[in-house]
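Engineer:
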Amino acid sequence: MTGKNIIVNIIIHARGGQGAVTASQFIAEAAFLSGQLIDVHAYPSFGAERRGAPIQAYAKLSTEEKIWDRSFITNPDILLVFDESVLNQEIVSSLKKDGTFIVNSDKNPTYFKETYDLSKQTKIIVADITKLAIENSLTIDGNPIVNTPILGLLAKALPILTLDNLKKIINKRMNKELSKLNNKLIEQGYNLAKTL
Amino acid sequence: MTQAIKVNKEENRKILTGNHAAAHAFRQAKVEVVSAYPITPQSPVVEKISDFIAKGKLNARFVRVESEHSALAVCCAASATGSRVGTATSAHGLELMYEMLPWASGNRLPIIINLATRALGAPWSVWTDHQDFITVRDVGWIQLFCENNQEIYDTNLQAFKIAEDPRVFLPTIVGYDGYILSHTMMPVILEDQKEIDNFLPPINHHINLSDISKVKGVDPVTTPHIVKRKEGTAPGYYEYRYSLQKALESSIDVVKQAHDEFAEEFGRSYGNGIYKTYLTKDADSVIFAMGSIASQARNALETLRNSGLNIGLVSLRLFRPFPAEDLRNLMAQFKNIIVFDRDIGYGYEGVLSYELKSALYGLNNPPFIKGFIVGLGGRDVSDDQIIEGVEKGLDYAEKGEFSNKTEFIGLKLDELDFLNRGEK
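Just so you know, the sequences run in chain order A and B.
When the letters of the first sequence are read in order and numbered with this note's numbering, they come out as residues 4 to 199.
When the letters of the second sequence are read in order and numbered with this note's numbering, they come out as residues 1492 to 1915.
1) For Tyr1670 (chain B), go through chain A and note every residue whose CB falls closer than 7 Å to its CB, in chain order.
2) With 8 Å as the threshold, decide whether the Cβ of Asn1510 (chain B) is near any Cβ in chain A.
3) Restricting to runs no shorter than 4 residues, where is the alpha helix (DSSP H) found entirely within the region 1534-1613 of chain B?
4) For Phe1825 (chain B), which of helix, strand or coil comes out of DSSP?
5) Quick check: the Cα distance between Arg1796 (chain B) and Asp1875 (chain B), rounded to an integer number of angstroms?
6) Could you tell me whether any Cβ in chain B is nearer than 8 Å to the Cβ of Arg73 (chain A)?
7) If we cut at 8 Å on Cβ distances, does Phe29 (chain A) have a partner in chain B?
8) Between Lys1861 (chain B) and Tyr1887 (chain B), which are expected to be in contact by the criterion C-beta below 8 Å, what is the C-beta distance as a whole number of angstroms?
9) Have a look at B:Ala1568, B:Ser1534, B:Leu1549, B:Ser1526 and flag the residue whose alpha-carbon is nearest the alpha-carbon of Glu1557 (chain B).
10) Of all Cβ atoms in chain A, is any one closer than 8 Å to the Cβ of Trp1632 (chain B)?
11) Is there contact between the region 101-119 of chain A and the region 59-72 of chain A, where contact requires at least three CB pairs shorter than 8 Å?
12) Taking the alpha helix (DSSP H) that Arg18 (chain A) falls in, what are its first and last residues?
13) Measuring only between beta-carbons, confirm whether Val1679 (chain B) sits less than 8 Å from chain A.
14) Does the contact criterion of 3 or more C-beta pairs under 8 Å hold for the region 1691-1698 of chain B versus the region 1556-1575 of chain B?
15) Determine the contact status of Tyr1670 (chain B) and Cys1637 (chain B), defining contact as a CB-CB distance below 8 Å.
16) Can you find a CB in chain A that lies within less than 8 Å of the CB of Ser1806 (chain B)?
17) Are any of the Cβ atoms in chain A nearer than 8 Å to that of Asn1503 (chain B)?
18) Reducing DSSP to helix, strand and coil, say where Tyr1670 (chain B) ends up.
19) Any Cβ of chain B within less than 8 Å of the Cβ of Phe35 (chain A)?
20) Thinking just about the alpha-carbon of each residue, which of B:Tyr1845, B:Glu1793, B:Glu1642 is nearest to the one in Ala1815 (chain B)?
21) Cβ of Thr5 (chain A) less than 8 Å from any chain B Cβ?
22) Note down the Cα distance separating Gly1631 (chain B) from His16 (chain A), rounded to an integer number of angstroms.
23) Can you name, in chain order, every residue of its own chain whose Cβ lies under 8 Å from the Cβ of Tyr1728 (chain B), other than the five neighbours on each side?
24) Just to confirm the assignment: which complete beta strand (DSSP E) runs, minimum length 3, are found wholly within the region 98-182 of chain A?
25) Report, in whole angstroms, the separation of the C-beta atoms of Gln1684 (chain B) and Ala1607 (chain B), which I expect to be a contact under 8 Å.
26) With DSSP as the reference, label Tyr1769 (chain B) as helix, strand or coil.
27) What does Arg1789 (chain B) touch in chain A if you count any residue whose Cβ is under 8 Å from its own?
28) Who are Met1677 (chain B)'s beta bridge partners in DSSP?
29) Report the rounded CA-to-CA distance for Phe1825 (chain B) versus Ser1734 (chain B), giving the unit in angstroms.
30) In its own chain, which residues sit with a C-beta less than 8 Å from the C-beta of Gly1841 (chain B), not counting the 5 before and 5 after it?
31) Buried or exposed for Asn1640 (chain B), going by 16 or more other Cβ atoms inside 10 Å?
32) Can the beta-carbon of Phe1543 (chain B) be found less than 8 Å from the beta-carbon of Arg1518 (chain B)?
33) Which bits of chain B does Asp42 (chain A) rub up against, with CB to CB less than 8 Å?
34) Does the CB of Glu32 (chain A) have a neighbour CB from chain B at under 8 Å?
35) What separation, rounded to the nearest whole angstrom, lies between the Cα atoms of Gly1597 (chain B) and Ser1806 (chain B)?
36) Name the one or two DSSP bridge partners that Ile1530 (chain B) has.
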């Protein structure tokens, strides 16, 4: 690892089927559109994934050099949590002290600060993305889809990831109707963010 | 490594997995026949290729088969008709192909296999190490290894050029770490088709079945002795195998040429095409490794350098033919070499380690070499393990303790209960 903090390491915690891997790819592709990055990596947790089981996806963003670190991320700069029921103390404690903790939840940031004894330096961003998805009928078989709207929260924490570039990637990857809905919700997600 | 990137290429830059980088290279190389059987972590390579064919982006025949053995058999037959042919596989898929591997090389068929590396069972593992790649080293294939997704794309394009060179006509394996590259998305520049056509013209095969009267195939049964016939004298097995060995030896220059030509055309190079060096100019010690382990070592070098060590990296790109002469010339200047193998020559030590020792045999004042095993079956390899190996290795060097014994870094035996049972 370089001493300088020039590689941003992001871990997504979710459940299999929630689209964490796709989200990690959106992050890498959209961040790279900024033109400010030398290298990006996006990858799933290696091995078999099962629907409903806790899973992770990862993104590494580097502004100054190519990324040669091939090891697991153990000390992320950002935790992005799709489903708070996968959380435990060990996961939260892996976050860097001055890192950013982002969670989809109907609770307040203070709840997470107290429950997991988060440092004063840790930035906490919370919004009820599940509710947002249900209200706007962004669902598959009745299950809310949170993986794109939650990226609005990440854009709040990561200036290199702009809503405009996220929308470009969404428009590239999705049909017109879905793009329109996701473009709207990613913006609403951004505006719903409660921060601490 | 130069990373020169022309500005006008930006629009051709995509964020791709290593598997898809390989598939795009096959598409742009205009492969004519692909036959494959799915296996993790390779499957997305051939899924993407069949997607290209279905969408009309690649004019190729995709032959579905019931096993990897048949996949390579189909590739051999297709290549024998004079087509450009390739496939992809991993681990036991490659082992099931084993019987066909020497047929491909003995018949001098320029087939390309992309190998997303994976550990061999038992026990069952889907994660990376280099055992599958290493295990097929003695069957007469050229074997190249990659460190990132751009290199996978670039190396595939070079591989066709090398394999189809009349001085070579040999099948080639392009290896890259399963998951670590196969499933990780990275920026990859896809080159202009016209420029690729220029670099890699259509295959001019040594076999062309369309004019069957002139075909000079390999004899079905080749005797130990040479056979005199009316139409000429046929070689014995021994002469055929001599020519295979000579073709492999001469392919080292062709690998360098293809690499240099590619670098000239597209502005990206990988050392001298044989190996890549990093921070070696003032180094008295170097790390010697391949693929993911070489990449991790690059990452660890800053910490090692900051601790006052004059240490660099030699990352091996061409594993077969083993570039012994190139490595002798390079390595003679170093005092110590720490080798990290993500594989074992079971019953002996890490394969890179003993290959290197053998290559440097007879040097005056040879470097001290110590090998370590790391990361089998996808065990995470961090900077800490590289640093631990370097420190241990240099310690042995200082004491002059030479050993061929394997030493594993990152083992967690002390966390296993059963080891303590006898003592309780």
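Every residue gets a Cβ at the ideal spot worked out from N, C-alpha and C, and that includes glycine.
These numbers come from a predicted model, not from an experiment.
Structural biologist: In short:
1) Phe49
2) no
3) 1535-1545, 1559-1571, 1582-1587, 1592-1597
4) coil
5) 14 Å
6) yes
7) no
8) 5 Å
9) B:Ser1526
10) no
11) no
12) Note, Arg18 (chain A): premise wrong, no alpha helix (DSSP H); beta strand (DSSP E) at 10-18.
13) no
14) yes
15) no
16) no
17) no
18) coil
19) yes
20) B:Tyr1845
21) At Thr5 (chain A) the pLDDT is 42, less than 50, meaning the model places this residue with poor confidence and gives no usable figure here.
22) 46 Å
23) Thr1713, Thr1714, Pro1715
24) 103-107, 126-130
25) 25 Å between Cβ atoms; not a contact.
26) strand
27) Trp71
28) B:Leu1507
29) 35 Å
30) Val1830, Phe1831, Asp1832, Asp1834, Ile1835, Gly1862, Phe1863, Ile1864, Thr1897
31) buried
32) yes
33) Met1677, Pro1678
34) yes
35) 29 Å
36) Its beta-bridge partners do not exist; DSSP assigns none.
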